[in-house]
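The opening residue of the sequence shown carries number 303 in our numbering; numbering runs sequentially from there.
Comments concern the structure below.
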Amino acid sequence: MPRHGNFSAAVSITEDTINGVIEKYVVEGLGPFFFPLPTTIQVGPTPVTFAGIIQLLPPTVELHPDPNDVIRLNLALRSTLRAAAPGQPMRTWTVRWQSAVDAAPVINIVAKQFTVGVDLSTATVQPLVVTNEQGPVFPAPVLAALQSQALADAVTAFVRDLPQLVITPPLLRTEIEFSQPVPAWVAPYEKGGLGPEWFTVSLTADRVVLKTLERALTLAVDVTGTGGALLTHGDKDALVDLTAVRGVGSTYRHTLTPNSDPEDGPILVRLAEPKGGGIAIAINQWVISHVGEQISNALWKDVVSYSPEIALGSIHLMYAPFDKPLRGPEDGLAVNVNALVREGPWFTVGCVVYVQAYLRTADGPTEFVHEFPDQWRIYAGHTDIDLPWWLDVLAFAVSLSLGSALPMLSGVLGVATIALLDGVLPSIVGNVENLIQQNINNTSPAIPGNWTIPLFGLAGDGIGASLKYLSITQESIDAAATVAAGSALANQPLGVLAPTSWPATNREPIALSVKLREDLEAMADDLTVVWTVRRADTNAVIATGTRAYDDPDGNGITIPHHSPELYHVDRYTVRARVRLATGGQVGEIWTGTSTIDIHDFLDRHHRYVEWGPKTVYFKKPGSNTIWWSRTRKSKIHRTAVSARCRMLYVVTGDLHNVTYTDTLPFPPNQLEQNRGPVCEYCFFDGPDKHVALPTEDWF
């Protein structure tokens, strides 16, 4: 049985990829999810009182084969709460619960694409298991309440009220309709009264099924073609995880080296089709052949001549093995074209182009490898044609089949793994005659190796994907992509405190602030911040306060560091607790602690500073060649922030033999009489002043 189970197309997505999608939806779209704890939970005859709120973290799915395709959703909940039994004081714990719910998947249609969701409206939370992350040992009544059925019922009620949880990106399209305009050159030879469109090919999903597998989901569709004929009728029981079950085809690789001749065509190395990826897909070759058949039917119905003597008859698309000269058997997608010659004895001619996909990679020095990144490319591996004269017919045929049919099929797939062919293959067409003559060499266009899969309902980017392999087999066209699912936002810190350092020379009070992660900040209207600031040296509390998170004047308090009590403090410990009010309860949703270092280029714990002796050099007055030197020692300067002169800022990076002291070499009350050895700016604010600056360091 083929991997696609005889469906028109099948796609598999791994459990890890699904969990990344869920995280992105919850963190960047649906969440955050908070709900209040019950104020009281009865444990036998004992009532346990609670204060706090619970956060539901991004859930994860657990996939196993199931006859009803049930999906297990693992829940993680967290809370910083306060609780007490009668006669006991309220104590604080940070706890985490684990639980699970079973739910049936729902196949949704958004923008004519299938996605999978989970409906939680009937889910029932299984018994909760609690873990004490921080706090004293649980008293027995509190532990029983935290794992009680009453709390599980409260969680169940909250979960059932959540919106449907989308767990996949768009996987397959519900329909695709493609119309081929009449080429401009047709008019002189028009037959059959054609309108603006030559023909239309339509594919519509008639049946869609989903199957849960071990660590993966597989979605498959049967489609109807033009006229309503059902093309396939797949067997759900035959579906497999396409990321884990290897296909029967081959992939091809061409390795560039610094010695490669760019004029040479690619030398393909055949490898067994790999497995893996976050998303993998298989398109039934029968559907691809049917598209060629639809096109051919349209061609016979409205006969259009390429010239008065040549009429295009039919086009067929199918898997076909072929022998490559000097290489042996290989496989590809055969584009088979037939034309009718209506001159002399009428006869038909045909040609076949065997199209392959290959990975061009590079091997050599790092710079060379960076210059030629890995690229997937399209290659005409072999051409069978009767006469060179029919190359023009071939050019049109490839234009029609590759430029129209395959991109049209890409819509059925829905995932960008194959949709990326749209717009790439048509670019071969314009130069197809030369490409065939030159065997395409290395001029074939690159298939985009990286793209973004959209996630409906999210305002930002979707999830990143890159092509892992592309293989044309006798059963299907197979492809897989590695997927960078998950939310970058989820890896950012929940909150950031600022500042983390402060210059002692800035005498302004230190203004504190907290910035929450974007998803938490969405609840700003209901958030308050509780601040506590301590001296790091003594642990004494020096400032407290509460602010609204969205206070226009700032959500933090200030630290008056330039004050008599705090002037010599070098470090502060700051703690911020962000609280949310909801459902009659108030609870912490984030707590952060940081330190603020007061940095100074001088040791302000001592009152005075001088440096030297230091030898300085200068030219002899009136001479350009004679240098004199002098050993100098600085004057006495003050370290007090408010008294420092400009010289201190100039020489701070070049201080030598620094000496700090807390006393002057003369009595302080004789400062005016001893101006010579001191810096007059540090002590008097200038040589023209005669009133000394305040003696306190913190002024």
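Backbone N, C-alpha and C define an ideal beta-carbon position, used for all residues, glycine too.
Everything numeric in this text was worked out from a predicted model, so none of it was measured.
Put residue i into one of helix, strand or coil per three-state DSSP.
{"i": "isoleucine 590", "result": "helix"}
{"i": "alanine 442", "result": "helix"}
{"i": "lysine 770", "result": "strand"}
{"i": "serine 1076", "result": "Here the chain covers residues 303 to 1001 and nothing more, so residue 1076 does not appear."}
{"i": "isoleucine 569", "result": "coil"}
{"i": "tyrosine 660", "result": "strand"}
{"i": "isoleucine 597", "result": "helix"}
{"i": "glycine 1005", "result": "The displayed coordinates of the chain run from 303 to 1001. Any statement about residue 1005 would go beyond what the structure contains."}
{"i": "isoleucine 343", "result": "strand"}
{"i": "alanine 252", "result": "Here the chain covers residues 303 to 1001 and nothing more, so residue 252 does not appear."}
{"i": "arginine 977", "result": "coil"}
{"i": "tyrosine 327", "result": "helix"}
{"i": "leucine 473", "result": "coil"}
{"i": "arginine 934", "result": "strand"}
{"i": "isoleucine 320", "result": "helix"}
{"i": "methionine 303", "result": "coil"}
{"i": "glutamate 890", "result": "strand"}
{"i": "phenylalanine 986", "result": "helix"}
{"i": "alanine 387", "result": "coil"}
{"i": "threonine 424", "result": "coil"}
{"i": "proline 429", "result": "coil"}
{"i": "aspartate 905", "result": "coil"}
{"i": "phenylalanine 309", "result": "coil"}
{"i": "asparagine 752", "result": "strand"}
{"i": "phenylalanine 1001", "result": "coil"}
Among the options, whose alpha-carbon lies nearest the alpha-carbon of residue i?
{"i": "proline 811", "options": "Phe480, Pro338 and Ile861", "result": "Ile861"}
{"i": "aspartate 387", "options": "Asn976, Lys513, Asn959 and Leu445", "result": "The question names aspartate, but residue 387 in the sequence shown is alanine. Per the Cα distances, Leu445."}
{"i": "proline 465", "options": "Ala659, Arg380 and Val408", "result": "Val408"}
{"i": "serine 944", "options": "Arg809, Ala447 and Ala531", "result": "Arg809"}
{"i": "valine 457", "options": "Val571, Asp902 and Arg380", "result": "Arg380"}
{"i": "threonine 506", "options": "Glu575, Gly530 and Arg836", "result": "Gly530"}
{"i": "lysine 817", "options": "Val835, Gln794 and Asp839", "result": "Gln794"}
{"i": "glycine 551", "options": "Gly764, Leu533, Tyr621 and Leu532", "result": "Tyr621"}
If the criterion is Cβ atoms closer than 9 Å, does the pair residue i and residue j meet it?
{"i": "leucine 783", "j": "lysine 770", "result": "For clarity, residue 783 is alanine in the given sequence; the question names leucine instead. Yes, they are a contact pair."}
{"i": "threonine 807", "j": "asparagine 841", "result": "no"}
{"i": "isoleucine 590", "j": "isoleucine 617", "result": "no"}
{"i": "leucine 358", "j": "leucine 383", "result": "no"}
{"i": "alanine 522", "j": "lysine 538", "result": "yes"}
{"i": "alanine 405", "j": "valine 372", "result": "yes"}
{"i": "arginine 909", "j": "tyrosine 869", "result": "no"}
{"i": "valine 639", "j": "alanine 682", "result": "no"}
{"i": "aspartate 633", "j": "isoleucine 774", "result": "yes"}
{"i": "tryptophan 913", "j": "valine 953", "result": "yes"}
{"i": "valine 329", "j": "valine 468", "result": "no"}
{"i": "phenylalanine 758", "j": "valine 412", "result": "yes"}
{"i": "glycine 331", "j": "alanine 761", "result": "yes"}
{"i": "threonine 754", "j": "isoleucine 581", "result": "no"}
{"i": "arginine 948", "j": "tyrosine 983", "result": "yes"}
{"i": "alanine 546", "j": "methionine 303", "result": "no"}
{"i": "arginine 1021", "j": "leucine 570", "result": "Absent from the structure is residue 1021, since the part of the chain shown begins at 303 and ends at 1001."}
{"i": "alanine 385", "j": "tryptophan 395", "result": "yes"}
Using 10 angstroms around the beta-carbon of residue i, count the other beta-carbons present and answer buried if the total reaches 16, otherwise exposed.
{"i": "glutamate 974", "result": "exposed"}
{"i": "threonine 941", "result": "buried"}
{"i": "proline 360", "result": "buried"}
{"i": "alanine 489", "result": "Since pLDDT at alanine 489 reaches only 47, below the 50 mark, its modelled position is unreliable, and no value is offered."}
{"i": "glutamine 390", "result": "exposed"}
{"i": "threonine 362", "result": "buried"}
{"i": "phenylalanine 920", "result": "exposed"}
{"i": "tryptophan 833", "result": "buried"}
{"i": "glutamine 972", "result": "exposed"}
{"i": "leucine 950", "result": "buried"}
{"i": "proline 568", "result": "buried"}
{"i": "glutamine 344", "result": "exposed"}
{"i": "tyrosine 608", "result": "A caution first: tyrosine 608 carries a pLDDT of 47, below 50, which makes its placement in the model too unreliable to give a value."}
{"i": "phenylalanine 460", "result": "buried"}
{"i": "arginine 272", "result": "Past the boundaries of the shown model lies residue 272; the chain is included only from 303 to 1001, so the question cannot be answered."}
{"i": "isoleucine 928", "result": "exposed"}
{"i": "glutamate 325", "result": "buried"}
Chain C beta carbons: is any one of them nearer than 9 Å to that of residue i?
{"i": "lysine 326", "result": "As a matter of chain content, chain C is missing from the structure shown, which is built from one protein chain."}
(request) Report yes or no: do three or more beta-carbon pairs, one from the stretch 445 to 453 and one from the stretch 332 to 346, lie closer than 8 Å? (result) yes
(message) Does the contact criterion of 3 or more C-beta pairs under 8 Å hold for the stretch 350 to 361 versus the stretch 883 to 902?
(response) yes
(message) Quick check: the stretch 309 to 322 against the stretch 469 to 479, are at least 3 beta-carbon pairs closer than 8 Å?
(response) yes
(message) Any contact between the stretch 788 to 804 and the stretch 575 to 583? By contact I mean 3 or more CB pairs, one from each, below 8 Å.
(response) Cβ pair count under 8 Å is below three, so no.
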